[in-house]
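Worksheet: one structure, shown below.
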Amino acid sequence: MPDYDVVVIGSGAGGLTAAVALAQAGKKVLVCEQHEVPGGWTHSFTLQGYR
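When we follow my numbering, the leftmost residue of the sequence shown carries the number 36, and every step to the right adds one.
Here is the structure:
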């Protein structure tokens, strides 16, 4: 199993910003996201007929 210095839960704006900053600082980072695309609530989806 690979080792990581940091695990970021969620790939919203804050999670991705933190992950990039940590990776640029030389840390090995894993980003976990429950949706099939990164971005958290910044991506488009349909809910009860609304987009």
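Even glycine gets a Cβ: it sits at the ideal position worked out from N, Cα and C. From a predicted model like this one, the values you see are computed outputs, not experimental measurements.
Would you give the residue range spanned by the alpha helix (DSSP H) that residue i belongs to?
i: L51; result: 48 to 59
Whose CA, out of the options, lies closest to the CA of residue i?
i: Q59; options: Q69, E71, D40, H70; result: D40
i: A48; options: Y85, E68, Q83, T81; result: E68
i: L4; options: L82, T81, V72; result: This structure gives no information on residue 4, because the portion of the chain shown stretches from 36 to 86.
Kindly indicate the opening and closing residues of the beta strand (DSSP E) around residue i.
i: V64; result: 64 to 67
i: V41; result: 41 to 44
Checking 7 Å against the spacing of the C-beta atoms, do residue i and residue j come in under that value?
i: L57; j: V64; result: yes
i: G75; j: G45; result: yes
i: A53; j: V43; result: yes
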